[in-house]
Amino acid sequence: MATIRGEQGAVQFDAAGSSNATIVGTRSWSLSTTKETLDTTKQGDTFRSFVGSMVSGSGTVELVYDPDATGQAAFLEDVITSADTADATFELFTTGTSADTDSAKFNGIITDMEITSTVGELVVVSCNFITSGTITLNLQ
Amino acid sequence: MAAADLNAIRATIEGRLATELAGSPAIPVVFHNMAFEPTPNSSFVQCLVSFGANEYLSQGLTTNSQNRIIGLVVISIFSAKGVGPGANFVIGKRIRDLYNRVIVSGVFFDAATGPEALLSAAPEGYFQTQVRVTFESIEEL
């Protein structure tokens, strides 16, 4: 058994969806995946029953802001892409940066970007995203 | 990007003080692990730079990652005993202004504390105050 610490993680991203690259300065990421359910309970049943339906995902990436850090600007500014075709690719790693290993991979849209500057603290940025299309989980 | 050079950070801090106190009026300054024999009834300054707790700042292990290096500068100002704090505070202001909220060579100095008078000076025979400044530097690997 091997537990993993958060600092082992990483985020890779490409706005054009062609070649993911590591974003320098990510502090945390989260991904929440939700499956909708359809109620298949029939008259006469005693217990309610369901089948799984559509799967969707959303999450957050938090960064320590550095205008010179590789990959940050393209990531933060993707929020202002109008008529976003969800062509951006994300890969969120629990450890390492080997493609399709210990990661969640998907196309997505950055829906919120919040940059915060506070006296005595580092400037941090928080970006929320939603997934679009298939979510591939390589968490085994 | 490279591991932090602690001596470069130390040199930034100490060099700033040495340059300031070499100006008029010049005040002797002594740093960590240096022999020094003070002249009785005269002023001198002792500067001690210490590195403390560091912390993860970003993800990425040993590449594409950042750490926060935190440290403390304790600057003791010694002046003649029995003549009030005025001369001591003049030096204290010079030192405080040197670091207060300054960013230099990637070292971020916080708001300075002091000069704070100490009840008993070490070494004895002087009036001693302290200016303390915490600082941080971001290590980019």
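Chains as they are written, first to last, in this note's numbering: chain A, 5 to 144; chain B, 7 to 147. Every residue gets a Cβ at the ideal spot worked out from N, C-alpha and C, and that includes glycine. Everything numeric in this text was worked out from a predicted model, so none of it was measured.
### Message
Between the alpha carbons of residue 35 of chain A and residue 73 of chain A, how many angstroms are there, rounded?
### Response
Using only the alpha carbons, I get a separation of about 23 Å.
### Task
Tell me residue 66 of chain A's beta-bridge partners as DSSP assigns them.
A/32, A/130
### The beta strand (DSSP E) enclosing residue 103 of chain A, as first and last residue numbers
Neither: residue 103 of chain A is in no beta strand (DSSP E) and is coded neither H nor E.
### Query
Ordered along the chain, which non-local residues of its own chain (more than five positions away) have a Cβ less than 7 Å from that of residue 12 of chain B?
Only 57 meet the Cβ criterion.
### Task
Express the C-alpha separation of residue 57 of chain A and residue 74 of chain B in angstroms, rounding to a whole number.
Here the alpha carbon of residue 74 of chain B sits roughly 45 Å from the alpha carbon of residue 57 of chain A.
### Task
Check the Cβ-Cβ distances between residue 26 of chain A and every residue of chain B, and say whether any is below 9 Å.
Answer yes: the Cβ-Cβ gap between residue 26 of chain A and chain B drops below 9 Å somewhere.
#### Entry: Cβ-Cβ distance between residue 106 of chain A and residue 98 of chain A below 9 Å
yes
### Beta carbon proximity, residue 103 of chain B to chain A, threshold 9 Å
no
### Counterpart residues of residue 38 of chain A in DSSP-defined beta bridges
A/60
### Per-residue DSSP class, three states only, for residue 19 of chain A
It is coil, neither helix nor strand.
### Query
For chain A, is any of its Cβ atoms less than 9 Å away from the one on residue 70 of chain B?
Yes, because at least one Cβ of chain A sits closer than 9 Å to the Cβ of residue 70 of chain B.
### Task
May I have the straight-line CA-CA distance separating residue 142 of chain B from residue 59 of chain B, to the nearest angstrom?
10 Å
### Message
Helix, strand or coil, according to DSSP, for residue 57 of chain B in the structure here?
### Response
strand
### Task
Could you tell me whether the Cβ of residue 157 of chain A comes closer than 9 Å to any Cβ of chain B?
The displayed coordinates of chain A run from 5 to 144. Any statement about residue 157 of chain A would go beyond what the structure contains.
### Task
Quick one: grab the DSSP three-state call for residue 83 of chain A.
helix
#### Entry: Against chain B: residues of the segment 10-41 of chain A by CB proximity under 7 Å
10, 11, 12, 13, 14, 26, 28, 29, 30, 31
### Query
Which runs of the alpha helix (DSSP H), 4 residues or longer, sit entirely within the segment 7-85 of chain B?
12-28
### Query
Can you find a CB in chain A that lies within less than 9 Å of the CB of residue 48 of chain B?
Closer than 9 Å: no.
### Task
Give a yes or no on whether 9 Å exceeds the smallest Cβ distance from residue 151 of chain B to chain A.
An answer regarding residue 151 of chain B cannot be provided, because it is not within the stretch 7 to 147 covered by chain B.
### Message
Using only the alpha-carbon positions, how far apart do residue 62 of chain A and residue 83 of chain A sit?
### Response
Approximately 15 Å between the Cα atoms of the pair.
### Message
Relative to the C-alpha of residue 47 of chain B, which candidate in B/147, B/19, B/33 has its C-alpha closest?
### Response
The residue with the shortest Cα to Cα distance from residue 47 of chain B is B/33.
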